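A.B. asks: My structure is below; once you've seen it, I'll send some questions.
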Amino acid sequence: MNHKQRGMLHAIFAHPVSGNIDPRQAFSLVEALGGEVTHGGHGQILVKLGGHTHGFHETRHDMSKDEVVELRKFLENAGIDPVQYAIVE
199 MNHKQRGMLH AIFAHPVSGN IDPRQAFSLV EALGGEVTHG GHGQILVKLG
249 GHTHGFHETR HDMSKDEVVE LRKFLENAGI DPVQYAIVE
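One point on numbering: in my numbering, the residue at position 14 of the sequence shown is 212, and numbering is uninterrupted.
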């Protein structure tokens, strides 16, 4: 996982919830964590990680705060803890 992906992970878990998350970068993060991202049709992006699957609405704009919360919960359920991926300056 590179520095940019670590920053994205910490942005997803930041409080308050960010409304400035690029979905392409977020899904790149999932792939860097060992997950799989595929197009499910009907405007859906299917994300698989750690035995969990979740569908997200495909968009070219930033993710809504609700989608960021969904992604955060998905990552937590898949066993991802941002503390494991500390940003080293």
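Ideal Cβ placement from N, Cα and C applies to all residues, glycine included.
Given the structure is predicted, the values throughout are model-derived calculations rather than measurements.
Whole angstroms is fine: what's the gap from H213's alpha carbon to R222's?
C.D. replies: C-alpha separation (whole angstroms): 21 angstroms.
A.B. asks: Where in the stretch 239-263 do unbroken runs of the beta strand (DSSP E), each at least 3 residues long, occur, reported from the N-terminal end onward?
C.D. replies: Runs found: 242-247 and 250-255.
A.B. asks: Between E229 and K246, what straight-line distance do the alpha-carbon atoms span, to the nearest angstrom?
C.D. replies: So the two alpha carbons sit approximately 9 angstroms from each other.
A.B. asks: Using three-state DSSP, classify I278 as helix, strand or coil.
C.D. replies: In this structure, I278 counts as coil in the three-state DSSP scheme.
A.B. asks: Below 6 angstroms CB to CB, which residues in the same chain sit around H252 once its five sequence neighbours on both sides are set aside?
C.D. replies: Correct list, in chain order: V245 and F272.
A.B. asks: Quick one: using the 10 Å Cβ neighbour count with 16 as the cut-off for buried, is A276 buried or exposed?
C.D. replies: Buried, since its Cβ has 16 or more Cβ neighbours within 10 Å.
A.B. asks: Please state whether DSSP places H237 in a helix, a strand or coil.
C.D. replies: Here H237 sits in strand by DSSP.
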